Amino acid sequence: MTTTRFRPATAVAALAAATALVLSGCAAGENASSDGATTGEGGETMGGTLNIDFATYNPLSLVIKENGWLEDALADQDIDVNWVQSAGSNKANENLRAGAIDVGSTAGSAALLARSNGSPIKTIDIYSQPEWSALVVGPDSDITSVADLEGKKVAATKGTDPYFFLLQSLEEAGVDPADVTIENLQHADGSTALFNGSVDAWAGLDPIMAGAEEDGAQLVYRNVDFNSYGFLNATEDFLTEKPDVAQTVVDAYEKAREWAQENPEETAQILADVAGLDLAVATTVIEERSNLDVDNVPGQAQLDVLEIIGPIFVESGDVSSQDQVDEALDTLLEPSYAEDADPSSIAD
C-alpha cells in the first residue's frame, strides 16, 4: 500500500516563500558582494563602498583624494568612497589582509612579503619609483658608514622598504644583522627615537625623512637601487567581485600621475598640507625623490628588483622558505588593469 505524507500548510508556504526568495536573489543580484553591492545588467557594480588608502609616501593617492575624482567617477554607480590612511606599508598590508581596505599602497618589497606569507593581494598599478628610504643619523652622530652600525641600535619599521633597505645595506657592508639591535618602530616613531637618543640610527622614509633633514638629521647612506617601486595592491576578492571599480581606481591613478607631473608645485602643496610639512620639504620629496615618470604596468622591471630582495626575506626569517617567495613572484603582478588604463575617463 502506498502511504501519502501530507505537509502542514505552513511548511509548504514557508518552502514556497524561501524558494521564491532564492530565485529572486539569483535574478536580481547573484553577484552581490559582502557590502551589498550588486552587478547591474551592463556588468557595472552598483552600490556598496570602495575602501581605499591614502598615504603621505604615495603622493598620487593624495592628489586623487584632494580632487575628489573617485567620488565623482563612482557617483552614478552609487558607490561610496571610504579613505583610510596608511602610516606605512605594513599598516596597508594589515588592512588589506583584514579586508578593511580593498586597495592599498605599499612598497614593492612589502607587497612581495605579504604575498609570500599568504596574503591574497595582486599588484594592479605602479605609482612611483621613489628614492624614499635611506639610513639616517642624528645631527651630532659620529656614525659615518653602514659598517659603523655594528653594535648599535637602529629603528626600522618591519615589513616596509626602509627595513629591507637596512638589511640590504648591512649585507653589502658585511655586517651581520644579528650584531645590530633593530628596534621595530613605526616610521614617525623611529624619527622621534633618533632625535631623543633612544636609537643610534633610523631607516627613514620620506616625507618624514625629509622633515628630519630640515631639523639637522644626516643621510649617512643612500642607494636608489635598494629602494623598490611603489605598488598599488588590491585584494583578490575585490578584483573578482568589482573589476570595473578596480579599473576606475587605476584610471584615477593615471589621471593623477599626469596631473602631478604637470603641477609639481600644487602636488607639493597637497603633500605639505596633509603631512604637516614645510612646503620646501614637500617640494624636495616631490621634485627630487619621487620619480612619477615610470611605466605604470607591473612587469619585469619590478620582478628584477624583487628577485634580489626575496632571498633576504628567507635569510631574515620573515618568510619560511624560498618556495613561498618564488610562488609569490609568479602570482603577485596583475598587469591588465594598468594596461587598460584610461586617464581621460576621469573627469576634471
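According to mature numbering (1 follows the signal peptide of the UniProt record, and there is no 0), the residues represented by the sequence shown are -27 to -1, 1 to 321, in order. Ideal Cβ positions, reconstructed from N, Cα and C, are used throughout, including at glycine. The model shown is predicted, which means the values in this text are computed figures rather than measured ones.
Reference residue i, options the options, closest by Cα
i	options	result
proline 237	Arg262, Ser106, Thr12, Val76	Arg262
alanine 10	Leu47, Lys38, Gly177	Leu47
phenylalanine 27	Phe286, Ala229, Asp303, Ile282	Ala229
proline 103	Gly170, Ser6, Asp266, Gly61	Asp266
valine 222	Ala320, Asp115, Thr117	Ala320
valine 148	Ser118, Glu156, Gly170, Gly163	Ser118
serine 34	Glu209, Ala161, Val247	Val247
Contact under 7 Å by Cβ, residue i with residue j
i	j	result
asparagine 31	serine 78	yes
phenylalanine 204	glutamine 141	no
valine 54	leucine 43	yes
aspartate 179	tryptophan 105	yes
isoleucine 97	alanine 207	yes
threonine 22	aspartate 8	yes
leucine 312	valine 270	For clarity, residue 312 is glutamate in the given sequence; the question names leucine instead. Yes, Cβ-Cβ distance for glutamate 312 and valine 270 is below 7 Å.
alanine 129	alanine 176	yes
aspartate 224	serine 318	yes
lysine 95	glutamate 307	yes
serine 201	alanine 87	no
proline 93	glutamate 214	no
valine 109	alanine 190	yes
leucine 167	glycine 111	yes
C-alpha distance - residue i paired with residue j, whole-angstrom precision
i	j	result
threonine 154	valine 127	6 Å
alanine 185	leucine 158	16 Å
alanine -1	serine 309	Note that alanine -1 scores a pLDDT of 39, beneath 50, so its modelled location is shaky; the value from the coordinates is reported in the next line. So the alpha carbons of these two residues sit roughly 29 Å apart.
glycine 132	glutamate 17	36 Å
lysine 125	arginine 195	19 Å
phenylalanine 137	aspartate 51	41 Å
leucine 85	glycine 91	10 Å
alanine 107	phenylalanine 211	34 Å
glutamine 295	glycine 170	37 Å
leucine 302	alanine 83	12 Å
aspartate 75	asparagine 24	5 Å
proline -20	methionine 19	Bear in mind that a pLDDT of 41 at proline -20, under 50, signals an unreliable position, so the number given afterwards is only what the model happens to contain. Rounded to whole angstroms, proline -20 to methionine 19 spans 40 Å at the Cα level.
valine 193	serine 114	10 Å
alanine 60	threonine 29	8 Å
alanine 174	isoleucine 181	14 Å
proline 284	valine 298	8 Å
glutamate 156	glutamate 227	37 Å
alanine 255	glycine 15	43 Å
lysine 38	alanine 161	22 Å
valine 287	tyrosine 100	27 Å
leucine 122	aspartate 134	18 Å
valine 36	glutamate 300	34 Å
glycine 72	threonine 257	34 Å
leucine -5	asparagine 66	For leucine -5, the predicted structure reports a pLDDT of 41, less than 50, and the residue's modelled location is therefore unreliable. A value from the coordinates is still provided. Their Cα atoms are separated by approximately 38 Å.
Classification of residue i by the beta-carbon crowding that lies within 10 angstroms, buried from 16 upward
i	result
leucine 252	exposed
residue 345	Past the boundaries of the shown model lies residue 345; the chain is included only from -27 to 321, so the question cannot be answered.
serine 89	buried
alanine 241	buried
threonine -24	Low confidence applies here, because threonine -24 scores a pLDDT of 38, under 50, leaving its location unreliable; read the following figure in that light. Classification for threonine -24: exposed.
aspartate 268	exposed
valine 197	exposed
glutamine 220	buried
Opening and closing residue of the beta strand (DSSP E) in which residue i lies
i	result
valine 36	Segment 32 to 40 is the alpha helix (DSSP H) holding valine 36; no beta strand (DSSP E) there.
serine 102	The amino acid occupying residue 102 in the given sequence is glutamine; serine does not appear at that position. Glutamine 102 -> no beta strand (DSSP E), and no H or E assigned at all.
aspartate 198	Per DSSP, aspartate 198 belongs to no beta strand (DSSP E) and is neither H nor E.
threonine 208	203 to 208
Host alpha helix (DSSP H) of residue i (start-end)
i	result
glutamate 67	62 to 71
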